[in-house]
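Student: First the structure, then my questions, so here it is.
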Amino acid sequence: MVLFALCACTFGGVSVSVAGQVRAPASGAKLPAIDEVGPGRLERLEQWLKAAARHSPGEDDEALTEAAAWTNDDLKKLWVDVNALTQIIRLPPDRRPSKFTIRSEDQKRPTLVNYTATQFKRLTALACSAGGNLNDPPGERTAHGRQCIETADQLDADLRQLSALVHSAKIRGDDNYIIRRGALLHGDVAMLAPYSMEAPGDVRPTGGLERFRMEISDGQEIDLRQSAVHWEMARMLLDFVRPQGSDHADPGRDDMVRQWYRATASWMQLREDHDKRHLDRARTIFPNDPDLLFLSASQHETYAGVPIQTAVRSAVLPVGVTMDVGVERAELREAEGLYRRVLELRPDHAEARMRYGRVLGGLAKHAEAAPELRHAIAGLSEPEQQYYAELFLGAEEAALGNRAAARAAYDRAAELFPLAQSPLLGLSEVARRSGDRAGALKAIDRLFTLTGEDRDEHDDPWWWYYTAQARDAEDLLEAMWLPYRTDRLQ
Amino acid sequence: VKHCLTTAIAVLACAAGGYAQQSPAFSSKIEAVRVDVLVTDNGQPVRGLGPADFEIADNGVPQTVDLVSFDEIPLNVILALDMSDSVAGERLEQLRGAGSRVLEALKSGDQAALVTFSHAVQLGSRLTADIATVRSALADAQSSGQTALIDGTYAGIMVGESDPGRALLIVFSDGVDTSSWLRADAVLDTARRADVVVYGVSVVSRLKPEFLREIASLTGGRLFEIEKTTNLAATFLGILEEFRHRYLVSYTPKGVSKDGWHKLDVRVKNRRTTLKARPGYLAGDAGRD
Numbered sequence: 116m117v118l119f120a121l122c123a124c125t126f127g128g129v130s131v132s133v134a135g136q137v138r139a140p141a142s143g144a145k146l147p148a149i150d151e152v153g154p155g156r157l158e159r160l161e162q163w164l165k166a167a168a169r170h171s172p173g174e175d176d177e178a179l180t181e182a183a184a185w186t187n188d189d190l191k192k193l194w195v196d197v198n199a200l201t202q203i204i205r206l207p208p209d210r211r212p213s214k215f216t217i218r219s220e221d222q223k224r225p226t227l228v229n230y231t232a233t234q235f236k237r238l239t240a241l242a243c244s245a246g247g248n249l250n251d252p253p254g255e256r257t258a259h260g261r262q263c264i265e266t267a268d269q270l271d272a273d274l275r276q277l278s279a280l281v282h283s284a285k286i287r288g289d290d291n292y293i294i295r296r297g298a299l300l301h302g303d304v305a306m307l308a309p310y311s312m313e314a315p316g317d318v319r320p321t322g323g324l325e326r327f328r329m330e331i332s333d334g335q336e337i338d339l340r341q342s343a344v345h346w347e348m349a350r351m352l353l354d355f356v357r358p359q360g361s362d363h364a365d366p367g368r369d370d371m372v373r374q375w376y377r378a379t380a381s382w383m384q385l386r387e388d389h390d391k392r393h394l395d396r397a398r399t400i401f402p403n404d405p406d407l408l409f410l411s412a413s414q415h416e417t418y419a420g421v422p423i424q425t426a427v428r429s430a431v432l433p434v435g436v437t438m439d440v441g442v443e444r445a446e447l448r449e450a451e452g453l454y455r456r457v458l459e460l461r462p463d464h465a466e467a468r469m470r471y472g473r474v475l476g477g478l479a480k481h482a483e484a485a486p487e488l489r490h491a492i493a494g495l496s497e498p499e500q501q502y503y504a505e506l507f508l509g510a511e512e513a514a515l516g517n518r519a520a521a522r523a524a525y526d527r528a529a530e531l532f533p534l535a536q537s538p539l540l541g542l543s544e545v546a547r548r549s550g551d552r553a554g555a556l557k558a559i560d561r562l563f564t565l566t567g568e569d570r571d572e573h574d575d576p577w578w579w580y581y582t583a584q585a586r587d588a589e590d591l592l593e594a595m596w597l598p599y600r601t602d603r604l605q
Numbered sequence: 002v003k004h005c006l007t008t009a010i011a012v013l014a015c016a017a018g019g020y021a022q023q024s025p026a027f028s029s030k031i032e033a034v035r036v037d038v039l040v041t042d043n044g045q046p047v048r049g050l051g052p053a054d055f056e057i058a059d060n061g062v063p064q065t066v067d068l069v070s071f072d073e074i075p076l077n078v079i080l081a082l083d084m085s086d087s088v089a090g091e092r093l094e095q096l097r098g099a100g101s102r103v104l105e106a107l108k109s110g111d112q113a114a115l116v117t118f119s120h121a122v123q124l125g126s127r128l129t130a131d132i133a134t135v136r137s138a139l140a141d142a143q144s145s146g147q148t149a150l151i152d153g154t155y156a157g158i159m160v161g162e163s164d165p166g167r168a169l170l171i172v173f174s175d176g177v178d179t180s181s182w183l184r185a186d187a188v189l190d191t192a193r194r195a196d197v198v199v200y201g202v203s204v205v206s207r208l209k210p211e212f213l214r215e216i217a218s219l220t221g222g223r224l225f226e227i228e229k230t231t232n233l234a235a236t237f238l239g240i241l242e243e244f245r246h247r248y249l250v251s252y253t254p255k256g257v258s259k260d261g262w263h264k265l266d267v268r269v270k271n272r273r274t275t276l277k278a279r280p281g282y283l284a285g286d287a288g289r290d
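Take a look at the structure:
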């Protein structure tokens with residue numbers, strides 16, 4: 116299946132979902148201007164703090180199970196309270212508000228959040244724990260720190276231990292303990308507990324923090340539903356990351372944030388669970404990162420592909436909901452520009468060059484595509500990538516009318532993956548186009564003899580081209596998770 | 002598209018065997034063009050027409066019809082069937098049933114073949130007069146994966162091209178292409194060069210079956226868009242019946258260039274009839290070594 120952070124297709128039992136963009140209606144969307152905080156909200160925030168501090172990244176543990184059970188309504192409120200908590204932690208006491216204005220990724224008007232005096236006192240106490248202020252050395256205590264000590268008896272052992280963990284992290288130079296762990300928790304829920312993403316609810320947009328998910332199968336929409344906002348929570352938290360030595364949030368200077376975006380975006384592409392906003396945010400934070408630009412380019416290339424384009428054409432969306440997927444040519448142009456940018460930054464990125472060549476071919480720039488593909492082949496070492504480059508070169512040479520060169524490229528692709536059908540189809544079609552019926556039949560006969568072989572999903576890399584760019588997603592996730600498996604709440 | 006006229010006549014009488022044996026025929030220097038024509042009057046097939054009744058213009062140049070055959074030429078029926086994820090359960094059984102009914106309706110001398118496609122294209126059976134073999138392959142076909150409709154249709158055309166007999170390709174799909182390597186325009190180009198008549202059967206959905214519509218039109222066939230597959234067998238049998246009532250008209254082109262697109266204009270003299278035939282054919286080379 117393919118999922119858009121509005122969608123899903125089935126392919127050999129693999130779930131593919133494409134989340135297209137869902138937007139609030141252009142007019143008539145009444146944003147909740149004032150959020151009066153109801154009872155129980157801060158208890159959830161406390162649960163969240165403990166779950167974030169207890170969760171072992173990459174593992175389906177109790178903390179993850181607890182967070183996965185929260186309803187989407189819980190999450191939307193939690194999103195507000197975590198945001199307020201983070202503002203308290205981050206802002207100096209003299210600039211700390213008693214009312215908070217909060218705006219989600221898609222909102223143009225902010226929401227004003229009103230806590231009662233009692234709620235605000237509890238929020239401040241929780242911020243003492245999450246900010247590590249209970250453990251500030253006596254000589255370094257600010258007014259806020261002294262206030263925290265006074266409220267320590269309102270915090271249980273877990274929250275006091277959390278403060279100690281945060282303080283230790285600060286001593287090591289990282290003042291982002293709960294922010295990173297909260298983001299890791301929500302990202303993990305989205306990836307490791309997919310059932311939690313199925314949030315029952317109206318599919319009409321209301322203008323608040325929302326995420327829709329469309330499933331497509333074999334090119335057709337099979338489901339549209341609200342989806343839990345775990346990715347939005349994670350992205351919001353990481354926006355608050357403050358690099359060592361900085362007095363303000365600047366996630367673009369933080370390597371963990373970069374690794375998180377790269378790994379999670381790769382995971383999304385590998386699982387065909389697409390969300391354009393994820394990479395859009397990543398590129399806003401890291402505008403010149405070649406890895407993120409590459410993933411963005413491949414996402415647009417995927418959106419230009421037949422499975423997604425077909426799904427978009429077949430989709431019936433509620434009023435006010437749109438999918439942020441352009442027509443094939445527009446998506447190819449986006450991909451072309453992004454791949455070109457990658458190659459400017461890293462001219463030796465052979466995989467980007469190979470994909471750039473394919474995209475140029477898709478835009479009918481065959482004379483430009485062929486040399487890019489030949490250039491890419493010289494730099495590729497993985498057989499799968501070499502196969503793609505030869506296959507695409509075959510198509511480009513054929514488009515240019517260079518039959519012998521097309522045959523040679525297709526032959527090389529067939530040698531790399533002898534059970535693949537695509538090069539044989541290409542060889543046959545090239546021959547038939549030139550009037551060589553016998554040659555066309557000979558090539559197709561080679562394909563037909565594959566029928567008797569024990570064929571499976573792995574015979575032809577063309578079948579998984581749209582996920583191949585993300586083949587290292589699991590390694591990237593593991594590397595990103597590893598440093599955060601220690602120093603947790605026990 | 003072009004065949005040795007003398008060989009073609011022989012083959013029309015007894016189309017059989019694989020392309021390995023038949024392929025030398027394609028290298029002959031005397032070449033004929035075959036056009037499959039459905040002639041109806043008020044929806045009913047018109048019978049009894051001979052060469053003198055037809056007028057054919059090739060790129061506007063009138064041609065002399067050499068041969069017209071009706072109902073006496075054995076058929077090569079190729080089934081190219083969608084076996085993607087969406088064709089499962091009851092629909093798969095209905096598809097197998099429809100294919101079986103077509104196989105049962107074949108006459109002595111007819112041949113059949115089976116191509117199935119999901120994302121993978123598979124040859125269930127080559128063209129053979131041994132219908133039991135094809136039936137067995139049809140029974141074994143399983144559904145899974147995405148839809149390589151364009152690749153599967155190309156493979157079906159090539160099976161048709163593997164034998165100089167009169168080829169009918171029935172393509173069934175309940176969706177649209179999602180995973181082919183070949184581009185639609187390339188396969189349409191192949192169809193313009195081939196003698197295979199393509200009939201498409203598509204299940205109505207929000208997506209228009211443009212590829213099947215175009216390839217059916219290009220080859221002189223038809224597209225059937227059905228609401229449900231409960232009566233798929235009737236649709237398949239109707240296609241076979243219609244195809245049997247078509248004339249196979251051949252002529253040796255004169256006064257026209259060899260290569261490029263040849264627009265065909267086929268008419269029946271002195272009668273008010275409705276004709277369905279391919280709009281033209283493509284010949285010659287397109288590229289360089």
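Chains as they are written, first to last, in this note's numbering: chain C, 116 to 605; chain L, 2 to 290.
Using N, Cα and C, we set each Cβ at its ideal position, and we do this for glycine too.
#1: Between the Cα of L/G110 and the Cα atoms of L/L208, L/I132, L/S87, which residue gives the shortest distance?
#2: Could you list the residues in the segment 532-553 of chain C with a C-beta less than 8 Å from some C-beta on chain L, going in chain order?
#3: On a CA-only basis, which of L/T191, L/G98, L/V66 is nearest L/E215? Give me that one, please.
#4: Give the secondary structure of C/H345 by DSSP, where H, G and I count as helix, E and B as strand, and everything else as coil.
#5: With DSSP collapsed to three states, give me the class of L/N77.
#6: Jot down the residue ranges of each uninterrupted alpha helix (DSSP H) in the segment 213-286 of chain L, minimum 4 residues, whole runs only, in chain order.
#7: Figure out for me which residue from C/R489, C/D587, C/G476, C/L542 has the closest Cα to the Cα of C/D526.
#8: Could you check where the alpha helix (DSSP H) with L/E162 kicks off and where it finishes?
#9: From C/A240 to C/I294, what distance separates their C-alpha atoms?
#10: Between L/Y248 and chain C, is the shortest Cβ-Cβ distance under 9 Å, so that the two count as touching?
#11: Using three-state DSSP, classify C/H481 as helix, strand or coil.
#12: Quick test of the definition: if touching needs 3 or more C-beta pairs under 8 Å, does the segment 195-208 of chain L touch the segment 259-272 of chain L?
#13: Should C/L453 and C/A412 be called a contact, given that it needs their Cβ atoms to be closer than 9 Å?
#14: Taking Cβ-Cβ distances shorter than 7 Å, what residues in chain L pair up with C/D507?
#15: Quick check: is the beta carbon of C/D338 nearer than 9 Å to any beta carbon in chain L?
#16: Rounding to the nearest angstrom, what Cα-Cα distance links C/E161 and C/S278 in this structure?
#17: Can you pull the DSSP bridge partners for L/D59?
#18: Let me make sure I understand the geometry here. Which of C/N517, C/A258, C/A553 has the alpha-carbon closest to that of C/H481?
#19: Alpha helix (DSSP H) containing C/V195: first to last residue?
#20: Between the segment 423-430 of chain C and the segment 399-407 of chain C, are three or more C-beta pairs nearer than 8 Å?
#21: Tell me which residue opens and which closes the alpha helix (DSSP H) that C/H393 is part of.
#22: Does DSSP put C/Q335 in a helix, in a strand, or in coil?
#23: Which residues of chain C have a Cβ atom closer than 7 Å to the Cβ of L/S85, listed in chain order?
#24: Going by beta carbon distance, what residues of the same chain come within less than 8 Å of C/A513, once the five residues before and after it are set aside?
#25: So with Cβ pairs under 9 Å, would you call C/A139 a contact of chain L?
#26: Of the residues C/G472, C/V421, C/Q341, which one's Cα is nearest the Cα of C/V442?
#27: Just how far apart, CA to CA, sit C/A523 and L/A156?
#28: Are any of the Cβ atoms in chain C nearer than 9 Å to that of L/S218?
#29: Tell me whether the beta-carbon of L/V66 lies closer than 9 Å to the beta-carbon of L/S218.
#30: Can you grab the Cα-Cα spacing for the pair C/H490 / C/R328, in whole Å?
#31: Give me the Cα-Cα distance between C/R296 and C/A167, rounded to the nearest whole angstrom.
#32: DSSP on C/G247, reduced to helix/strand/coil?
#33: Would you say C/V431 faces chain L, with C-beta separation under 9 Å as the test?
#34: Are any of the Cβ atoms in chain L nearer than 9 Å to that of C/E572?
#35: Let's see if you can read the secondary structure: which residues bound the beta strand (DSSP E) around C/D560?
#36: Among L/F237, L/P210, L/D196, L/H246, which residue has its Cα nearest to the Cα of L/L283?
Tutor: A quick look at the data gives this:
#1: Position 109 of the second sequence, counted from the first residue, corresponds to residue 110 of chain L. Taking only the C-alpha atoms, the option nearest L/G110 is L/I132.
#2: Q536, S537, L540, G541, S543, E544, V545, R547, R548, S549, G550, R552, A553
#3: The count along the second sequence starts at 1 and reaches residue 215 of chain L at position 214. Checked all of L/T191, L/G98, L/V66; the closest Cα to L/E215 is L/T191.
#4: The sequence position of residue 345 of chain C within the first sequence is 230, counting from 1. C/H345: helix per DSSP, three-state reduction.
#5: As a working note, residue 77 of chain L is residue 76 in the second sequence. Correct three-state label for L/N77: strand.
#6: 233-245
#7: Here residue 526 of chain C is taken as the residue at index 411 of the first sequence, counted from 1. Considering only alpha carbons, the answer is C/L542.
#8: Counting from 1 along the second sequence, the entry for residue 162 of chain L is found at position 161. That run of the alpha helix (DSSP H) goes 150-162.
#9: Along the first sequence, one-based indexing puts residue 240 of chain C at 125. Along the first sequence, one-based indexing puts residue 294 of chain C at 179. Their backbone Cα atoms lie some 17 Å apart in a straight line.
#10: Reading the second sequence from its first residue, position 247 is the one you call residue 248 of chain L. Taking Cβ atoms only, chain C never reaches closer than 9 Å to L/Y248, which makes this a no.
#11: Taking the first sequence and counting its residues from 1, one reaches residue 481 of chain C at position 366. C/H481: helix per DSSP, three-state reduction.
#12: no
#13: By one-based count along the first sequence, residue 453 of chain C stands at place 338. By one-based count along the first sequence, residue 412 of chain C stands at place 297. In contact: C/L453 and C/A412 (Cβ atoms closer than 9 Å).
#14: Within the first sequence, the letter at position 392 stands for residue 507 of chain C. With the sequence shown as reference, residue 507 of chain C is identified as Phe, and Asp is not the correct amino acid for it. Correct list: empty, because the minimum Cβ distance to chain L is about 10 Å.
#15: Start at 1 with the first residue of the first sequence, and residue 338 of chain C comes out as number 223. Judged by the 9 Å Cβ criterion, C/D338 is not in contact with chain L.
#16: Residue mapping note: residue 161 of chain C aligns to position 46 of the first sequence, counting from 1. Residue mapping note: residue 278 of chain C aligns to position 163 of the first sequence, counting from 1. Their Cα atoms are separated by approximately 13 Å.
#17: Translated into the one-based positions of the second sequence, residue 59 of chain L becomes position 58. Beta-bridge pairing links L/D59 to L/V62, L/L265.
#18: Sequence index remark: in the first sequence, residue 481 of chain C carries index 366 (1-based). Comparing Cα-Cα distances from C/H481 to each of C/N517, C/A258, C/A553, the minimum goes to C/N517.
#19: Against the first sequence, residue 195 of chain C aligns to sequence position 80. 187-205 is the extent of the alpha helix (DSSP H) around C/V195.
#20: no
#21: In the first sequence, counting from the first residue as 1, residue 393 of chain C sits at position 278. Its alpha helix (DSSP H) spans residues 391-400.
#22: Stepping through the first sequence from its first residue, residue 335 of chain C is reached at position 220. Of the three classes helix, strand and coil, the one that applies to C/Q335 here is strand, per DSSP.
#23: As a working mapping, residue 85 of chain L is identified with position 84 in the second sequence. Per Cβ cutoff of 7 Å: D333.
#24: Residue numbering aside, residue 513 of chain C sits at position 398 when the first sequence is read from its first letter. Excluding sequence neighbours, C/A513 sits near A521, G541, E544, V545, R548.
#25: Reading the first sequence from its first residue, position 24 is the one you call residue 139 of chain C. Reliability fails at C/A139, whose pLDDT of 34 lies under 50, so the model's placement of it is uncertain and the value that follows must be treated cautiously. Not an interface residue.
#26: Stepping through the first sequence from its first residue, residue 442 of chain C is reached at position 327. It is C/V421.
#27: Here the question's residue 523 of chain C lines up with position 408 in the first sequence. Here the question's residue 156 of chain L lines up with position 155 in the second sequence. Each residue's alpha carbon lies about 21 Å from the other.
#28: Taking the second sequence and counting its residues from 1, one reaches residue 218 of chain L at position 217. For L/S218, the answer is no, since every Cβ of chain C falls outside 9 Å of its Cβ.
#29: Residue 66 of chain L sits at position 65 when you count from the first residue of the second sequence. Residue 218 of chain L sits at position 217 when you count from the first residue of the second sequence. In this structure, L/S218 does not lie closer than 9 Å to L/V66 by Cβ.
#30: Your numbering for residue 490 of chain C matches position 375 in the first sequence. Your numbering for residue 328 of chain C matches position 213 in the first sequence. So the two alpha carbons sit approximately 39 Å from each other.
#31: One-based indexing of the first sequence puts residue 296 of chain C at position 181. One-based indexing of the first sequence puts residue 167 of chain C at position 52. Their Cα atoms are separated by approximately 5 Å.
#32: What you label residue 247 of chain C is simply residue 132 of the first sequence in a count that begins at 1. The answer is coil: DSSP assigns C/G247 none of H, G, I, E or B.
#33: On the first sequence, position 316 is the one that residue 431 of chain C refers to. Yes, its Cβ sits closer than 9 Å to a Cβ of chain L.
#34: Numbered from its first residue, the first sequence carries residue 572 of chain C at position 457. Yes, its Cβ sits closer than 9 Å to a Cβ of chain L.
#35: Here residue 560 of chain C refers to the residue found at position 445 of the first sequence. From DSSP, C/D560 is part of no beta strand (DSSP E) but of the alpha helix (DSSP H) over 552-565.
#36: Position 282 of the second sequence, counted from the first residue, corresponds to residue 283 of chain L. Ranking L/F237, L/P210, L/D196, L/H246 by Cα distance to L/L283 puts L/D196 first.
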